[in-house]
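2 protein chains.
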Amino acid sequence: MAIGRPSPSSSQTPDPGAARRPSRARGIPEATVARLPLYLRALTALSERSVPTVSSEELAAAAGVNSAKLRKDFSYLGSYGTRGVGYDVEYLVYQISRELGLTQDWPVVIVGIGNLGHALANYGGFASRGFRVAALLDADPNVVGSTAAGLPVRHMDELEEIVATQHVSIGVITTPPGAAQQVCDRLVEAGVTSILNFAPTVLTVPDGVDVRKVDLSIELQILAFHEQRKAGDEPSAGDSVLDRAPGPVRAAAAKLRRAAGGGKAEQAKTAPAKTAPAAKGGPDDDLSAVMPA
Amino acid sequence: MAIGRPSPSSSQTPDPGAARRPSRARGIPEATVARLPLYLRALTALSERSVPTVSSEELAAAAGVNSAKLRKDFSYLGSYGTRGVGYDVEYLVYQISRELGLTQDWPVVIVGIGNLGHALANYGGFASRGFRVAALLDADPNVVGSTAAGLPVRHMDELEEIVATQHVSIGVITTPPGAAQQVCDRLVEAGVTSILNFAPTVLTVPDGVDVRKVDLSIELQILAFHEQRKAGDEPSAGDSVLDRAPGPVRAAAAKLRRAAGGGKAEQAKTAPAKTAPAAKGGPDDDLSAVMPA
DNA sequence: TAGATTGTTAATCGATTAACAATC
DNA sequence: TAGATTGTTAATCGATTAACAATC
């Protein structure tokens with residue numbers, strides 16, 4: 341039960357782009373890339389406090405990782421530290437910023453200005469690091485024309501022109517799930533090659549387009565999984581004696597359950613009736629009939 | 341870490357293995373747990389279309405993963421498929437739901453009712469799968485008393501009572517970063533053991549408490565990293581000939597740069613002047629002086 | 001039965017970590 | 001110099017994937 345579970349990729353993105361990209365751009369591992377923003381944030385805080393240098397130990401603590409990992413991560417960027425001394429804060433801020441591409445301007449469009457779109461438009465961290473909201477877009481005539489975060493909401497029809505003239509390469513999708521793929525297609529068609537998806541849908545994109553997703557409900561479900569196991573009386577699924585039984589016993593047990601037909605539905609009271617071919621027992625079935633006492 | 345909440349699954353069979361179970365709950369890999377919600381979503385869609393069975397190939401496509409991975413994932417749960425046929429949709433929906441703990445009710449508190457808190461309170465996916473907003477909380481007297489998503493915003497002072505009486509074990513933090521750790525401490529003290537953090541801060545929690553974070557600005561920075569490399573005109577950092585040079589050459593180059601003192605600032609125009617001890621050149625320095633043509 | 005598809009194996013790949021030589 | 005701390009190595013761990021025997 342690791343504390344923090346600073347989820348190497350809280351990103352929760354199975355990185356759809358990674359497969360076809362020259363495996364790892366520049367040889368920097370994805371896991372390392374995902375941590376660079378964390379280091380940068382910690383370094384920025386140190387910088388604001390005018391701290392001149394920091395050791396891997398201190399910086400790692402601030403970023404919530406261990407120091408060996410941090411040093412390994414930095415080793416992919418180059419040798420930016422000084423043995424016996426540590427890292428120069430300002431210098432490292434600059435190097436990581438540059439590595440992440442934050443020394444340039446990234447115009448972004450947000451599509452779907454509902455509650456979440458509003459929240460994102462107002463998000464301070466947006467503008468802070470090179471990202472700039474180029475436009476807010478919505479398909480709903482009732483929303484178009486209103487303002488959010490001081491910007492007018494424009495109609496989807498303007499998408500192509502905005503992307504082209506403002507050189508937008510990053511799009512944020514905050515539409516309802518039903519509209520997400522369609523919006524995604526249109527963004528890609530217009531020239532956007534990186535998409536941050538807040539809609540709970542799997543997006544299909546052509547090669548060369550990166551998608552990352554942020555999914556509240558998935559995060560909550562992962563928490564629930566672990567929470568369920570803290571409570572003490574865990575469901576026994578998959579942890580029954582069956583799991584530790586030798587192969588032949590398991591096979592025999594499965595066969596018996598199949599023959600019996602309805603054992604599972606009995607035990608798991610709210611389970612749907614099993615009518616289809618896959619009606620096999622899971623490992624949490626009552627196996628008292630076939631297991632030695 | 342044990343908290344006083346009703347046993348979530350008291351109807352389950354006793355678990356003889358619980359006592360000696362290793363830390364990783366049930367031996368299901370984290371990566372697999374993180375994908376279960378994805379499978380569940382795809383299965384739910386199939387269920388709504390009354391599709392009775394699905395093959396690993398079809399389901400994998402719908403979830404955006406490859407089928408070998410899906411079958412491996414499912415193998416951790418048990419044998420819920422039928423060779424030659426596939427998986428029973430309804431049955432699998434139930435099994436995964438139960439595995440994730442979604443067959444029980446999860447009351448959740450949201451702390452910090454700004455734009456994002458509002459958005460989350462209104463988020464449909466929240467209620468859909470066992471999660472229920474038990475309370476909205478804020479410290480600002482101007483916000484307290486207003487309503488969001490039909491619920492009254494209550495004062496932080498009520499936190500402890502709400503958590504205790506409603507058996508809340510999951511908290512969502514949508515406060516400004518400066519308040520996040522303090523709010524987190526208070527949630528933990530009150531008995532919350534799972535936290536979903538939207539504030540851009542690293543939270544420190546005691547053992548037994550899980551934290552997951554959702555961080556827009558980190559996601560954007562990761563996209564920017566990859567985007568930068570698509571553009572074609574990559575910065576040369578870390579990709580210079582130096583990286584491919586043999587050790588001795590690198591060492592010599594570093595030494596020379598150190599002696600020269602200001603080489604880097606020249607080349608990287610916006611780099612901060614290097615004044616501190618760690619003022620070494622990075623791999624993108626101009627090395628023409630020491631590298632063979 | 002013949003065809004289809006699962007569940008599992010084993011090879012591979014990538015990420016983490018402790019330890020320590022290099023070196024400031 | 002002596003102490004401190006990096007950068008790197010190597011061991012380990014965990015995740016992915018293709019392939020295929022088992023079996024419906």
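Order-wise, the sequence lines are chains Y and H.
So the number in the numbering used here is just where the residue sits in the first sequence, counting from 1, plus 340.
So the number in the numbering used here is just where the residue sits in the second sequence, counting from 1, plus 340.
All C-beta atoms in this analysis are idealised placements derived from N, C-alpha and C, irrespective of residue type, glycine included.
- Residues are counted here when their Cβ sits less than 9 Å from a Cβ of chain H; for the region 455 to 484 of chain Y these are Asn455, Leu456, Gly457, His458, Ala459, Leu460, Ala461, Asn462, Tyr463, Gly464, Gly465, Phe466, Ser468, Arg469, Gly470 and Phe471, given in chain order.
- Per DSSP, the unbroken alpha helix (DSSP H) holding serine 407 of chain H starts and ends at 407 to 417.
- Taking a C-beta cut-off of 8 Å against chain Y, the contacting residues of the region 430 to 448 of chain H are Glu430, Tyr431, Leu432, Val433, Tyr434, Gln435, Arg438, Glu439, Leu440, Gly441, Leu442, Thr443, Gln444, Trp446 and Val448, listed in chain order.
- Neighbourhood of proline 492 of chain H in chain Y, by CB distance below 7 Å: empty, with the nearest CB roughly 18 Å away.
- Assignment of histidine 507 of chain H by DSSP, reduced to helix, strand and coil, places it in the coil class.
- Only residues of its own chain outside the window of five on either side were considered, and among them Leu477 and Ala479 have a CB closer than 6 Å to the CB of methionine 496 of chain H, listed in chain order.
- Within chain H, no C-beta atom comes less than 8 Å from the C-beta of aspartate 497 of chain Y; the nearest is roughly 25 Å away.
- The DSSP-derived three-state label of serine 486 of chain H is coil.
- Per DSSP, reduced to three states, the secondary structure at aspartate 555 of chain H is coil, with no helix or strand assignment.
- Its Cα nearest to that of valine 503 of chain H, the residue H:Pro447 stands out among H:Leu536, H:Lys553, H:Gly441 and H:Pro447.
- Secondary structure of aspartate 525 of chain Y (DSSP, three-state): helix.
- Within 7 Å of the CB of glutamate 559 of chain Y, the CB atoms of chain H belong to Leu536, Arg552 and Val554, in sequence order along the chain.
- Here threonine 487 of chain H is exposed, its C-beta having fewer than 16 other C-beta atoms within 10 Å.
- The three-state secondary structure of aspartate 497 of chain H, taken from DSSP, is helix.
- For proline 447 of chain Y, the uninterrupted beta strand (DSSP E) run begins and ends at 446 to 451, by DSSP.
- By DSSP's assignment, isoleucine 513 of chain H forms a beta bridge with H:Val451 and H:Asn537.
- Taking 8 Å as the CB threshold, lysine 570 of chain H lines the interface with chain Y.
- Residue environment analysis places threonine 515 of chain Y among the buried positions, since at least 16 neighbouring C-beta atoms fall within 10 angstroms of its C-beta.
- The criterion of a C-beta distance shorter than 8 Å is satisfied by alanine 402 of chain H and alanine 382 of chain H.
- Of the other Cβ atoms in all chains shown, fewer than 16 fall within 10 Å of the Cβ of asparagine 482 of chain H; this residue is therefore exposed.
- Proximity of proline 369 of chain H to chain Y, defined by a Cβ-Cβ separation below 8 Å, is not satisfied.
- Threonine 544 of chain Y sits in coil when the DSSP states are folded into three classes, being neither helix nor strand.
- Under the Cβ criterion of 8 Å, histidine 507 of chain Y is not counted among the residues facing chain H.
- For histidine 566 of chain Y, the number of other beta carbons within 10 angstroms of its own is at least 16, and it is reported as buried.
- For the region 519 to 532 of chain H, the beta-carbon criterion of a distance under 7 Å to any beta-carbon of chain Y is satisfied by none of its residues.
- Bridge pairing for proline 492 of chain Y: Y:Thr487 [DSSP].
- In the three-state DSSP reduction, valine 394 of chain Y falls in the strand class (E or B).
- In this structure leucine 386 of chain Y is not in contact with serine 534 of chain H, their Cβ atoms being roughly 30 Å apart against a cut-off of 8 Å.
- By the rule that beta-carbons nearer than 8 Å mark a contact, valine 542 of chain H touches chain Y.
- Going by beta carbons, isoleucine 368 of chain H and tyrosine 416 of chain H fall inside the 8 Å limit.
- Taking the beta carbon of isoleucine 510 of chain Y as reference, the chain H residues within 8 Å of it are Leu560, Leu563, Ala564 and Glu567, listed in sequence order.
- The beta carbons of aspartate 428 of chain H and threonine 393 of chain H sit about 6 Å from each other, so the pair counts as a contact at 8 Å.
- Cα atoms of valine 425 of chain H and leucine 378 of chain H: separation of roughly 22 Å, rounded to the nearest angstrom.
- Distances from the CA of leucine 440 of chain H to each of H:Gly404, H:Arg375, H:Asn462 and H:Gly490 were compared; the closest alpha carbon is that of H:Arg375.
- Taken through DSSP and simplified to helix, strand or coil, tyrosine 434 of chain Y comes out as helix.
- The CB of alanine 403 of chain H comes closer than 9 Å to the CB of Val542 in chain Y, given here in chain order.
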